[in-house]
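Heads up, the sequence shown is in our numbering, so the first residue is 44 and it goes up one at a time. Heads up: the structure comes next, in structure tokens.
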Amino acid sequence: MEDFRVPKRRVEIETLSVDGVSRKIGVYLSEYSAIHSGSERVSDLLNEVAEFFPAIDGQTGQTIFLTRSGLISATVASVEELDASERDVPLTEQRVEVTLTNGTTFQGTMAYLRHPERSRVIDVLNEPSRFFSVRVGDRTTLINKRHVVVAGFVA
């Protein structure tokens, strides 16, 4: 049966739920993505259609099931969000400030690779994906679009 196992790696993330609870959890991601080259990313997991996903509770070690729509944000090491082949590709970068429904404000950099005619911040925000990313230093926060009150540029 070992021949049929799908290789996965554990990635640690911090989540913030609509109930105000912050959790440290572990998720298992595939070594190969079905939608792009390289490994599956946390953003791939969060942007899936299914409402619930499994995780390992960082405090208890127990398996829990989280709802994607119940997450305000998830923070991960930035290196987890870039495939090795993309680390040297010039990305479009915009400094932004994002205010969420719970009053939290994030300032950071939106960095993305898009076709030049669809490379504005508004294009990223209006994509059908549930989450978009804002990078601060070596951490990337994936923000649920349904919990954004306002997003704007930082000079």
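The beta carbon of each residue, even a glycine, is placed where N, CA and C say it ideally should be.
Neighbourhood of Val193 by C-beta distance below 6 Å, restricted to the same chain and skipping five residues each side:
Counting from one through the sequence shown, the residue named residue 193 turns up at place 150. Here the set comprises Thr142.
In the structure shown, what three-state DSSP assignment does Leu168 receive?
The count along the sequence shown starts at 1 and reaches residue 168 at position 125. Helix, per DSSP.
Identify, in the order they occur along the chain, each residue of the same chain with its Cβ nearer than 6 Å to the Cβ of Val91, setting aside the five sequence neighbours on each side.
The residue given as residue 91 occupies position 48 in the sequence shown. Checking the displayed sequence, the identity of residue 91 turns out to be Glu instead of Val. Excluding residues within five positions, none has a Cβ falling inside 6 Å.
On the three-state DSSP scale, how would you describe Glu57?
On the sequence shown, residue 57 is found 14 positions in, with the first residue counted as 1. In this structure, Glu57 counts as strand in the three-state DSSP scheme.
If Ser121 sits next to Arg182, beta carbons under 8 Å apart, how far is it from one beta carbon to the other, in whole angstroms?
Taking the first residue of the sequence shown as 1, we reach residue 121 at position 78. Taking the first residue of the sequence shown as 1, we reach residue 182 at position 139. Contact flag correct, Cβ pair sits at about 6 Å.
With a 10 Å radius around its C-beta and 16 neighbouring C-beta atoms as the bar for buried, classify Gly195 as buried or exposed.
On the sequence shown, position 152 is the one that residue 195 refers to. Gly195 should be labelled exposed.
Would you be able to state if there are at least three C-beta pairs under 8 Å between the stretch 95 to 103 and the stretch 53 to 70?
yes
For Glu160, is the classification buried or exposed, using 16 other Cβ atoms within 10 angstroms of its Cβ as the cut-off for buried?
Numbered from 1 along the sequence shown, position 117 holds the residue referred to as residue 160. Result: exposed.
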